[in-house]
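Take the sequence shown: its letter number 56 is residue 51 in the working numbering, and every next letter is one higher. Think of the CB as a built atom: it goes at the ideal place given N, C-alpha and C, for glycine as much as any other residue. Right, one structure below, let's go through it.
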Amino acid sequence: MASRTPSAAPRAEEQHSATRAPRRRLSVDERREQLIAVALQLFSDRAPEDVSIDDIAAAAGASRPLVYHYFPGKQALYEEALRRAGRELAGRFEESGEGPLSERLHRVMGRYLDFVQSHAAGFTALLRGGSVVASPDAGAVIDQVRRAAQEQILRHLGLPDPSPVLRRTVRAWIANAEISSLDWLADKPVPVETLQPHLVQELVAALTVAATRDPELADRLGEFFAAERPDGPAARLVRDLAGTLASPALADSLLRLATPPAH
-4 MASRTPSAAP
6 RAEEQHSATR
16 APRRRLSVDE
26 RREQLIAVAL
36 QLFSDRAPED
46 VSIDDIAAAA
56 GASRPLVYHY
66 FPGKQALYEE
76 ALRRAGRELA
86 GRFEESGEGP
96 LSERLHRVMG
106 RYLDFVQSHA
116 AGFTALLRGG
126 SVVASPDAGA
136 VIDQVRRAAQ
146 EQILRHLGLP
156 DPSPVLRRTV
166 RAWIANAEIS
176 SLDWLADKPV
186 PVETLQPHLV
196 QELVAALTVA
206 ATRDPELADR
216 LGEFFAAERP
226 DGPAARLVRD
236 LAGTLASPAL
246 ADSLLRLATP
256 PAH
């Protein structure tokens, strides 16, 4: 009886297994970066107190002792992930100085809200201050992001020495954007395409009010409004305001308030 010749398939499989390249070990820096990236994703999807070291190890395909080899605990990993997120969020306020101001701000807010959506749980826990892993370092990261956002907005306004009124106005608007984002994440009462221009228009309106107390800003706003397009966020705001202020229910009262009192 003739001996049975082994089939080619198993031999091919054995050959492939023998020549398969071994999985490359991550370097120290690569492994550390991987753990931070995995932790950031988990902290983005769930509140920080709901994420454990075991969760991070499993998501990274690593062991619990290995995570502790790179980070002394969850707090250190959380703060490092937070710094990474802070740098990313601050970078989203960077925008070219070309084009109408409201359209530049519209692009900035689009990137900001995209970040808010993709880091919903972590963003909410951080800004509400309710996380059990909150710390002074975590607060410092948020303060850095706020300062970076403020400086980027002021840069677009192009005033070399912004007045205290202007700085206060921009800081207040950044706080308003954070509060609006938190409320929006809670129940999303409007689509992001509606919230985005609303936030831009609120800044334009706040700057217009600030200009009544800041002559330099008033001159600069004149240039900005001259460059706006009829279909831009600022133009839509002006039309909405004009329609509201011209309504019969308001016109007489506003005219009375706008008339200087007789002496």
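Legend entry - 9 Å Cβ cutoff met for A229 and P60: Sequence index remark: in the sequence shown, residue 229 carries index 234 (1-based). Sequence index remark: in the sequence shown, residue 60 carries index 65 (1-based). No. Outside cutoff.
Legend entry - Own chain partners of G227 with C-beta closer than 7 Å, once the 5 adjacent residues on each side are dropped: As a first step, residue 227 is located in the sequence shown; it is residue number 232 there, counting from the start. Apart from the 5 residues on each side of it in sequence, G227 sits with its Cβ closer than 7 Å to the Cβ of P95, S97, E98 in its chain, given in chain order.
Inset, instruction - Indicate the three-state DSSP secondary structure (helix, strand or coil) for K69 in the structure shown. - result: Numbered from 1 along the sequence shown, position 74 holds the residue referred to as residue 69. Helix at K69.
Inset, instruction - Determine the burial state of P243: buried for a count of at least 16 other Cβ atoms within 10 Å of its Cβ, exposed for fewer. - result: Position 248 of the sequence shown holds residue 243. So P243 counts as exposed.
Inset, instruction - With DSSP as the reference, label E211 as helix, strand or coil. - result: Here residue 211 refers to the residue found at position 216 of the sequence shown. Here E211 sits in helix by DSSP.
Inset, instruction - Drop a sphere of 10 angstroms on the beta-carbon of T164, count the other beta-carbons inside from all chains shown, and report buried for 16 or more, exposed for fewer. - result: Start at 1 with the first residue of the sequence shown, and residue 164 comes out as number 169. It is buried - the Cβ of T164 has at least 16 other Cβ atoms within 10 Å.
Legend entry - Residue from Y65, K183, I137 with nearest C-alpha to R27: Against the sequence shown, residue 27 aligns to sequence position 32. Closest by alpha carbon: Y65.
Legend entry - C-beta contact flag for A200 and L245 at 9 Å: Here the question's residue 200 lines up with position 205 in the sequence shown. Here the question's residue 245 lines up with position 250 in the sequence shown. No. Outside cutoff.
Inset, instruction - Could you have a look at V185 and say whether DSSP puts it in helix, strand or coil? - result: Residue numbering aside, residue 185 sits at position 190 when the sequence shown is read from its first letter. Coil, per DSSP.
Inset, instruction - Below 8 Å CB to CB, which residues in the same chain sit around V140 once its five sequence neighbours on both sides are set aside? - result: Position 145 of the sequence shown, counted from the start, is the residue given in the question as residue 140. In chain order, G81, L84, A85 place their CB closer than 8 Å to the CB of V140, counting only its own chain and leaving out the 5 sequence neighbours on each side.
Inset, instruction - Assign E90 to one of three DSSP states: helix, strand, or coil. - result: What you label residue 90 is simply residue 95 of the sequence shown in a count that begins at 1. Looking at E90 - three-state DSSP - the assignment turns out to be coil, as it is neither helix nor strand.
Legend entry - Pair within 9 Å by beta-carbon distance, E90 and Q145: The residue given as residue 90 occupies position 95 in the sequence shown. The residue given as residue 145 occupies position 150 in the sequence shown. Using a Cβ distance threshold of 9 Å, E90 and Q145 do not count as a contacting pair.
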